[in-house]
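In the numbering used here, the protein residues as written are 2 to 49.
Here is the structure:
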């Protein structure tokens, strides 16, 4: 018999998210940052 030492790279899934995943993640971080800024501002006005 013959031995096959061919390296198959057909079904390899790389850990690179899709652009929509990146967009949703960035929007989520942006919303978190905006809410933190808004909370910080509102508490300043309330305590001042």
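Idealized CB from N, CA, C, for every residue including glycine.
Model, not experiment: these values are computed from the prediction.
Between residue 21 and residue 36, the alpha-carbon positions lie close to 22 Å from each other. DSSP, reduced to helix, strand and coil, places residue 35 within a helical segment of the structure shown. In the structure shown, residue 20 adopts helical secondary structure according to DSSP, grouped into three states.
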